[in-house]
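Step one of this worksheet: look at the structure below.
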Amino acid sequence: MRWAALGAVAVLLALPVVPGLLPSYAVTVFTFTFFYAYLAQAWNVLGGYAGQLSAGHAAFVGVGAYTSAMLALEAGLSPWLGMFVGGALAAGLGAVIGFLGFRFGLRGFYFVLLTVAFAEVCRIVALNTEAVGGALGLYITFTGNPAQFQFRDARAYYYVALGFMLAGTALAALMERRRFGIYLAAIREDEGAAEAAGVPTFRYKLLAMVVSSFLTGVGGTFYAFYLFSLQPNSVFGIPLSVEIIVRTVVGGGGTVLGPVVGSFILSPLAELSRFYFAEAGWSGAHLVVYGVLLVVVVLFFPQGAVPGLRRLAGRRAG
Amino acid sequence: MAGGGRPAEVRLPEAGALIDATLIGQGLLNGVLFGGVYSLMAVGLTLIFGVMRVINFAHGDMMVWGMYLAWLLATRLGLDPYLSFVLCAGALFALGVLVQRGLVDPIVDAPHEMQILLMLGVALVLENSALLAFGPEPQRVRSSLALATLWLGPLFIDVARLVTFLVAALLAGALSLFLFRTDLGRAMRAAADNIDGARIIGVDVRRVYMAAFGIGAACVGAAGALTSPFLPFTPALGLSASVTSFNIVIIGGMGSLPGAFVGGLLVSVAESLGAVFLSSSLKELVSFSLLILILLLRPAGLFGRRLA
Numbered sequence: 011m012r013w014a015a016l017g018a019v020a021v022l023l024a025l026p027v028v029p030g031l032l033p034s035y036a037v038t039v040f041t042f043t044f045f046y047a048y049l050a051q052a053w054n055v056l057g058g059y060a061g062q063l064s065a066g067h068a069a070f071v072g073v074g075a076y077t078s079a080m081l082a083l084e085a086g087l088s089p090w091l092g093m094f095v096g097g098a099l100a101a102g103l104g105a106v107i108g109f110l111g112f113r114f115g116l117r118g119f120y121f122v123l124l125t126v127a128f129a130e131v132c133r134i135v136a137l138n139t140e141a142v143g144g145a146l147g148l149y150i151t152f153t154g155n156p157a158q159f160q161f162r163d164a165r166a167y168y169y170v171a172l173g174f175m176l177a178g179t180a181l182a183a184l185m186e187r188r189r190f191g192i193y194l195a196a197i198r199e200d201e202g203a204a205e206a207a208g209v210p211t212f213r214y215k216l217l218a219m220v221v222s223s224f225l226t227g228v229g230g231t232f233y234a235f236y237l238f239s240l241q242p243n244s245v246f247g248i249p250l251s252v253e254i255i256v257r258t259v260v261g262g263g264g265t266v267l268g269p270v271v272g273s274f275i276l277s278p279l280a281e282l283s284r285f286y287f288a289e290a291g292w293s294g295a296h297l298v299v300y301g302v303l304l305v306v307v308v309l310f311f312p313q314g315a316v317p318g319l320r321r322l323a324g325r326r327a328g
Numbered sequence: 501m502a503g504g505g506r507p508a509e510v511r512l513p514e515a516g517a518l519i520d521a522t523l524i525g526q527g528l529l530n531g532v533l534f535g536g537v538y539s540l541m542a543v544g545l546t547l548i549f550g551v552m553r554v555i556n557f558a559h560g561d562m563m564v565w566g567m568y569l570a571w572l573l574a575t576r577l578g579l580d581p582y583l584s585f586v587l588c589a590g591a592l593f594a595l596g597v598l599v600q601r602g603l604v605d606p607i608v609d610a611p612h613e614m615q616i617l618l619m620l621g622v623a624l625v626l627e628n629s630a631l632l633a634f635g636p637e638p639q640r641v642r643s644s645l646a647l648a649t650l651w652l653g654p655l656f657i658d659v660a661r662l663v664t665f666l667v668a669a670l671l672a673g674a675l676s677l678f679l680f681r682t683d684l685g686r687a688m689r690a691a692a693d694n695i696d697g698a699r700i701i702g703v704d705v706r707r708v709y710m711a712a713f714g715i716g717a718a719c720v721g722a723a724g725a726l727t728s729p730f731l732p733f734t735p736a737l738g739l740s741a742s743v744t745s746f747n748i749v750i751i752g753g754m755g756s757l758p759g760a761f762v763g764g765l766l767v768s769v770a771e772s773l774g775a776v777f778l779s780s781s782l783k784e785l786v787s788f789s790l791l792i793l794i795l796l797l798r799p800a801g802l803f804g805r806r807l808a
């Protein structure tokens, strides 16, 4: 365990130095890796710790992204502020979904479907609302102004994404040992028992939903201002939700490092295969790999990579 | 975005004049005819759920594989999809049995979340292997029936859709006969009703599970082959087909066969009328709104007796 901690510190110290040493393509891969780790971390609060599977988190990315982009385009508000407006709106949507879902006692598959249905409604509404660009989406003109969340140097995005990931992970670590995290784990393990033991399950599930959707919505701003364009089908689509879920589950849901490890396993794989396979005309290959990994993880490592690694490390030490 | 070329602005003033009885009648008719396919998809999904309490997230992707098989059989062997749907159903039956035996069986008693994630993995593999094999261009299967139309007063009927509806209804009928009149069918209903009770009276549960998954996949495979002449398909269609199937079984009641059948017709008619009154890109909004309402007000569905 001490070696693992030392390794983590070494990696952490190396990450800020890395972009100076790497080709620009690798910087992009790392940027995506950090960003997806952050989104997975946000999903982890609800899906990992509280055990409430949402397959509609793309809705929160989309609401956050569209909000800050529209505020920047129409009102000239800096995305550094718009980011929190977007997060707040996403949290509002999350509160509505959570309130309805949990109040009406939807669990498992029924909750999954409720989240999918809301995300799809968002996608269809965005597709059909001319005011936010309809099917064409929104395009953000590049000014290179850091106050507008735009940077001429790709390495700046690397640092911003790294900051997102570290902040999300620190938050998860803070949360895990406190009442909030412990209550959520109790709800995940046995909701009836948690309720009987006096955990206000409804309130805590709702809180997990609000925190998770807020963090995801804040991440939407990075999505918008890193990619410079928003299309309803990609930013609100189910595939984006799946990308987030797969990373958390493969890394280990309900653990602090799971989403980060999951993203470090899958994001480079996805980016590189998108790059190389697409050139060879195999555009679905990385998703086949995802699917196989998901099946393998569920069947053989149902708790994900992090608990598995921890067990391995423990065996070596003992 | 200016969006100047979009027809929405032009369409609105005319829409009032266009929506008349004929148009609504045509919408109803189209909805009912397409509803047969929706029913068949949903019957397959609800059978798997009813017997095993497992949601087949790969349902729509299995349908897409049924479509591509029909396409292969048509382009390579010249088989009409109205004949080859039997072969497609058979192939999907085998796939369903394999998925059940190899993947679902080891975790059939695990928490539902695990099964959901597992089937999500299967869905990703099926969708994207279709993308690798066939590419993203939309395909359509040629059928000898494709261009024939009948006129029913002012309404027209696409013969291909009519045949698809009849075959789908026939298959759903045959399935219910099978469930009520054969030993294996009765065993499946017993397992759906009370798995422990079924075990005690000597039902071979593993065999029942395999049959249920196989038949469920065969239904949706047949549905795919039967729609391939008039519904252009891409690998990405699987996801929306899955979501539509989920909508229907929730609306009808998870695990209820009559619910799936009626739900299929209902959703199809609702979407079809939605396309008449709203724009066609908004028609999905109708079924999702319906889904959210049902989830909140009557999560057991129209025909469901209890919540899982």
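If you read the sequences in order, they're chains A and B.
For the first sequence, our numbering begins at 11 and goes up steadily by one.
For the second sequence, our numbering begins at 501 and goes up steadily by one.
Cβ atoms here follow ideal geometry from the backbone N, Cα and C, with glycine treated the same way.
For clarity, every value in this text was computed on a predicted model and none was experimentally measured.
With DSSP as the reference, identify every bridge partner of residue i, one or two as the case may be.
i	result
residue 81/A	None; residue 81/A has no bridge partner.
residue 239/A	149/A
residue 658/B	649/B
residue 639/B	733/B
Have a look at the options and flag the residue whose alpha-carbon is nearest the alpha-carbon of residue i.
i	options	result
residue 26/A	249/A, 300/A, 168/A, 272/A	168/A
residue 685/B	585/B, 550/B, 753/B	550/B
residue 215/A	225/A, 91/A, 195/A	195/A
residue 98/A	203/A, 78/A, 60/A	78/A
residue 333/A	309/A, 154/A, 175/A	Missing from the structure shown is residue 333/A; chain A here goes from 11 to 328 and no further.
residue 552/B	521/B, 654/B, 709/B	709/B
residue 784/B	28/A, 82/A, 134/A	134/A
residue 314/A	323/A, 265/A, 191/A	265/A
residue 244/A	262/A, 46/A, 18/A, 68/A	68/A
residue 293/A	703/B, 786/B, 628/B	628/B
residue 781/B	157/A, 137/A, 163/A	137/A
residue 40/A	273/A, 80/A, 186/A, 198/A	273/A
residue 729/B	639/B, 563/B, 559/B	639/B
residue 199/A	36/A, 61/A, 116/A	61/A
Any C-beta of chain B sitting closer than 8 Å to the C-beta of residue i?
i	result
residue 312/A	yes
residue 248/A	yes
residue 127/A	yes
residue 214/A	no
Could you check whether residue j and residue i sit closer than 8 Å to each other, using their CB atoms as the reference points?
i	j	result
residue 211/A	residue 54/A	no
residue 63/A	residue 57/A	yes
residue 614/B	residue 555/B	no
residue 803/B	residue 776/B	no
residue 95/A	residue 621/B	no
residue 759/B	residue 801/B	yes
residue 108/A	residue 228/A	no
residue 150/A	residue 70/A	no
residue 643/B	residue 581/B	yes
residue 711/B	residue 698/B	no
Distance cutoff 8 Å, beta carbons only. Does residue i sit that close to anything in chain A?
i	result
residue 614/B	yes
residue 784/B	yes
residue 555/B	yes
residue 628/B	yes
residue 691/B	no
residue 532/B	no
residue 662/B	no
residue 643/B	no
residue 764/B	no
residue 606/B	yes
residue 506/B	In this prediction, residue 506/B has a pLDDT of 39, which is less than 50 and means its spatial position is unreliable; what the coordinates show is noted afterwards. Yes, because at least one Cβ of chain A sits closer than 8 Å to the Cβ of residue 506/B.
residue 799/B	yes
residue 748/B	no
residue 781/B	yes
Tell me where the alpha helix (DSSP H) around residue i begins and ends.
i	result
residue 593/B	581-599
residue 199/A	189-199
residue 51/A	34-53
residue 530/B	521-552
residue 259/A	248-261
residue 764/B	757-777
residue 310/A	295-310
residue 120/A	118-137
residue 784/B	783-797
Is any heavy atom in the ligand COA found nearer than 7 Å to the beta carbon of residue i?
i	result
residue 285/A	Here there are no bound small molecules, and the ligand COA is not part of this structure.
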